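Read the structure below first, then the notes.
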């Protein structure tokens, strides 16, 4: 499996996943630190990408959880979408960004040919960017599951805060071998009373629900609206008896799974 799945952590929600000879980029964010206004609030980015776009190299597809927030798709990321051979995301993203995005509805899949002659199946899975009832405020988001003959199964949560939806994914695909979980317990004034992404404790619970062999967290740092970080993730996985499953990458690091 080590030769068939690597994840290079670029920063925030952005990572380069190499699986079955294909290169997949998650939520492209390549702008520098600064303030990013959105509606009546401002998101603050505290660190730029560990890997610049100039060093990224070609990719086969972009897996975009959603387009409406600058911490998941920034100006440089939007420009990059114009050059990508395939961008998979939500119907709302397709409506806003046009033909550059191919929409996948929940549980719909697409198959990409692999260099070894096999196929990689990419399935869109449900996600909720906050508590129940928050979608009219935060907008539509999606997660993805990657599967293929002879490959490890991978769950990519996107900005999901619902363990019930994790259970729905587990019912269809569990156990998964690798869970890539967006965490950080994001909080903004838009939904002041609940986190918009998984808390550290919920990330550990999600790992248990999925029976994931290994977990790689993303989107838990580099923005001011995250209220939990790598230290709380480490503590939560240790408290849940899952410390050996957690792979906490450093920016720029490639995790081999």
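Residue numbers (our numbering): 581 to 837. Idealized CB from N, CA, C, for every residue including glycine. If you're wondering where the values come from, they're calculated on a predicted model, not measured in any experiment.
Item	Value
Nearest by alpha-carbon distance to residue 829: which of 813, 584, 656 is it?	813
Going along the chain, which residues of its own chain have a beta-carbon closer than 7 Å to the beta-carbon of residue 742, five neighbours each way excluded?	708
Please report the straight-line C-alpha distance between residue 604 and residue 598, rounded to a whole angstrom.	6 Å
Taking 6 Å as the limit between beta carbons, can you name the residues of its chain near residue 826, skipping five residues before and five after?	795, 817
Would you give the residue range spanned by the beta strand (DSSP E) that residue 669 belongs to?	667–669
For residue 721 and residue 701, what's the separation of their Cα atoms in angstroms?	19 Å
If distances are taken between C-alpha atoms only, which option among 663, 680, 660 comes closest to residue 669?	680
What three-state label does DSSP hand residue 581 in the structure shown?	Any reading at residue 581 must be qualified, since the residue scores a pLDDT of 40, below 50, and its modelled position is unreliable; the value itself is stated next. Looking at residue 581 - three-state DSSP - the assignment turns out to be coil, as it is neither helix nor strand.
Taking the C-alpha atoms as reference points, what is the distance between residue 596 and residue 641?	10 Å
Quick check on the burial criterion: 16 or more other C-beta atoms within 10 angstroms. Buried or exposed for residue 737?	buried
Quick one: is residue 647 buried, meaning 16 or more other Cβ sit within 10 Å of its Cβ, or exposed?	buried
If we count the other Cβ atoms within 10 Å of its Cβ and call it buried at 16 or more, is residue 723 buried or exposed?	buried
With a 10 Å radius around its C-beta and 16 neighbouring C-beta atoms as the bar for buried, classify residue 600 as buried or exposed.	buried
Under DSSP, the beta strand (DSSP E) around residue 691 begins and ends at which residues?	689–693
Give the secondary structure of residue 741 by DSSP, where H, G and I count as helix, E and B as strand, and everything else as coil.	coil
Quick check on residue 591: does DSSP put it in helix, strand or coil?	strand
Based on the DSSP output, what are the partners of residue 621 in its beta bridges?	618
Just how far apart, CA to CA, sit residue 769 and residue 621?	7 Å
Out of 793, 832, 799, 773, which one is the CA nearest neighbour of residue 899?	Limits of the chain in this structure are 581 at one end and 837 at the other, which puts residue 899 out of reach.
Using CA atoms only, rank isn't needed, just tell me which of 672, 783, 628 is closest to residue 832.	628
Comparing alpha-carbon positions, which option in 756, 782, 809 lies nearest residue 710?	782
Would you identify the three-state DSSP class for residue 706, choosing helix, strand or coil?	strand
Run through the DSSP bridge pairs and tell me what residue 597 is partnered with.	587, 604
Going by other Cβ atoms of all chains shown within 10 Å of its Cβ, with 16 needed for buried, is residue 758 buried or exposed?	buried
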